[in-house]
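Read the structure below first, then the notes.
As structure tokens, then:
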């Protein structure tokens with residue numbers, strides 16, 4: 001039987017050998033210290049900041065710290081207010097002095113809702129970020145706030161909403177943040193529920209930052225298939241920073257009264273320094289102007305491909321079978337003709 005001193009020496013030897021083995025597997029004792037001491041890579045000057053949509057889902061990206069930083073930025077507050085005022089202008093509400101019930105889809109911390117309240121309207125705000133809605137409650141937002149995912153539908157009664165706006169939110173539906181997410185189905189659910197809850201002839205103005213032209217067309221196509229009429233209005237199309245895209249939709253078939261307004265700066269005019277700004281929600285440097293779409297469904301494409309098996313191929317095939325001794329029907333003027341689908 002070993003003495004306590006011998007047992008301690010054996011344990012110490014085993015512990016040292018285990019540490020040495022672990023150090024060898026890790027590639028040396030100093031490697032971990034060097035990796036922990038590395039500084040994170042800094043973004044180079046002129047390098048684009050990654051879009052929020054590709055960094056994390058909205059409910060994760062807009063956490064408590066990001067929500068407060070977003071809400072306390074005076075620059076973002078000013079830009080959000082300006083975009084909301086432009087959306088209200090495109091909404092073209094009747095100036096009869098009667099408050100309207102509006103939807104603010106992706107309301108966030110209530111910055112856009114403040115502009116709606118200043119205009120004397122009632123509003124309902126949707127957002128998927130609980131942290132953003134908590135900040136809105138702290139700021140005592142006047143509207144009713146709902147924690148919901150717009151990709152699952154709005155869940156409102158039909159024909160009760162007088163208008164809807166959305167600031168920098170619709171492009172999030174184009175990303176599949178979960179394995180069960182299908183962007184086309186989520187856009188279909190959103191626009192279908194939006195069409196049902198709007199009153200007849202009401203408008204929806206959705207400001208969005210598309211990653212590319214294909215993404216813009218996917219959003220517009222989903223809206224047209226839901227029954228909307230309208231298209232995309234682009235402000236300052238010749239500016240990389242001030243360029244803003246608004247999807248202006250009318251609930252119902254197109255009419256003379258539902259013609260699209262003209263975007264700012266379409267005649268080549270330059271924007272002012274105040275408009276030359278970006279709220280950090282997206283980057284449209286690579287985006288192009290999307291054409292105006294009317295409410296007409298595209299016709300189904302007819303199959304025009306030929307398999308190459310015409311009359312010459314058929315005669316050659318029959319001749320091969322005859323040389324092999326097979327019984328083949330005689331050639332007539334009807335050989336190689338396509339049969340009609342009816343008698």
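Residue numbers (full-length UniProt numbering): 1 to 343. C-beta: ideal position from N, C-alpha, C; glycine also. Quick caveat: nothing in here was measured; it's all calculated off a predicted structure.
Can you give the Cα-Cα distance for residue i and residue j, rounded to whole angstroms?
i	j	result
residue 120	residue 99	6 Å
residue 50	residue 62	15 Å
residue 219	residue 336	47 Å
residue 318	residue 311	11 Å
residue 126	residue 215	23 Å
residue 170	residue 206	7 Å
residue 159	residue 90	20 Å
residue 129	residue 92	29 Å
residue 162	residue 203	8 Å
residue 56	residue 177	8 Å
residue 341	residue 251	42 Å
residue 229	residue 164	15 Å
residue 114	residue 87	13 Å
residue 264	residue 234	7 Å
residue 94	residue 58	34 Å
residue 36	residue 65	In this prediction, residue 36 scores a pLDDT of 43, lower than 50, which makes its location untrustworthy; the coordinate-derived value is nonetheless stated afterwards. The straight-line gap from Cα to Cα measures roughly 25 Å.
residue 134	residue 122	20 Å
residue 211	residue 54	10 Å
residue 101	residue 124	8 Å
residue 166	residue 107	7 Å
residue 132	residue 224	31 Å
Quick one: is residue i buried, meaning 16 or more other Cβ sit within 10 Å of its Cβ, or exposed?
i	result
residue 326	exposed
residue 313	exposed
residue 110	buried
residue 334	exposed
residue 328	exposed
residue 189	buried
residue 60	exposed
residue 320	exposed
residue 338	exposed
residue 244	buried
residue 324	exposed
residue 180	exposed
residue 152	exposed
residue 52	buried
residue 143	buried
residue 231	buried
residue 332	exposed
residue 242	buried
residue 330	exposed
According to DSSP, is residue i part of a helix, a strand, or is it coil?
i	result
residue 390	Look at the range of the chain in this structure, 1 to 343, and you will see that residue 390 is not part of it.
residue 134	helix
residue 216	helix
residue 72	helix
residue 98	coil
residue 245	strand
residue 229	strand
residue 332	coil
residue 385	Here the chain has residues from 1 to 343 only, and residue 385 is not among them.
residue 325	coil
residue 341	coil
As an exercise, report each continuous beta strand (DSSP E) stretch of at least 3 residues that is fully enclosed by the UniProt domain "Methyltransferase type 11" (103 to 204), in chain order. 122 to 127, 144 to 147 and 161 to 167
Give a yes or no on contact between the stretch 188 to 204 and the stretch 74 to 89, applying the rule of three or more CB pairs nearer than 8 Å. no
Three or more C-beta pairs under 8 Å: does that hold for the stretch 236 to 255 against the stretch 132 to 149? no
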